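*Asks:*
Numbering (my numbering), first residue to last: 140 to 257.
#1: Would you call the stretch 188–197 and the stretch 166–180 touching, i.e. three or more CB-CB distances under 8 Å?
#2: Provide the residue(s) that pair with residue 283 in DSSP beta bridges, ordered along the chain.
#3: Residue 260: buried (16+ other C-beta within 10 angstroms of its C-beta) or exposed?
#4: Can you tell me which of 196, 229, 212 and 158 puts its alpha carbon nearest to the alpha carbon of residue 223?
#5: Does the beta-carbon of residue 186 have 16 or more other beta-carbons within 10 angstroms, so that it is buried, or is it exposed?
#6: If residue 255 and residue 233 are in contact, beta carbons under 8 Å, what's the gap, nearest whole angstrom?
#7: May I ask you to list the residues that DSSP assigns as paired with residue 227?
#8: Opposite residue 206 in the DSSP bridges: which residues?
#9: Suppose you measure from the CA of residue 158 to the CA of residue 169; what does that come to, to the nearest Å?
Now the structure itself:
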């Protein structure tokens, strides 16, 4: 009887520490500011925003856009008429297509003159 009580108490401590650790990680992850790396606008209505540290949830993404839309449109001198916005996770940056890459698996930006534009 005493052994099972000790194991149960130890288990509760471990679970509590794990929950606290996960809570701190989630809080720190969600508190990072979104970094806009680049903005591409062409074809009259498509805006491509490359960002890092984007919110994880759809609700967080929509809230971020609602809070920052006006600032982004003004900062990058974008039109305020009808447009489509595509926000991309910039990840490791622009990539150069290798001969083995399928072009339909990547989105390449035609306004970039470098080979690393996808």
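All C-beta atoms, glycine included, are put in the ideal place defined by N, C-alpha and C.
Since the structure is predicted, the reported quantities are computational estimates derived from the model, not experimental observations.
*Replies:* So, to answer that:
#1: yes
#2: Past the edges of the chain, shown from 140 to 257, lies residue 283, and the structure says nothing about it.
#3: Residue 260 is absent from the model: the chain starts at 140 and stops at 257.
#4: 212
#5: buried
#6: 4 Å
#7: 189
#8: Answer is none; residue 206 lacks a bridge partner.
#9: 16 Å
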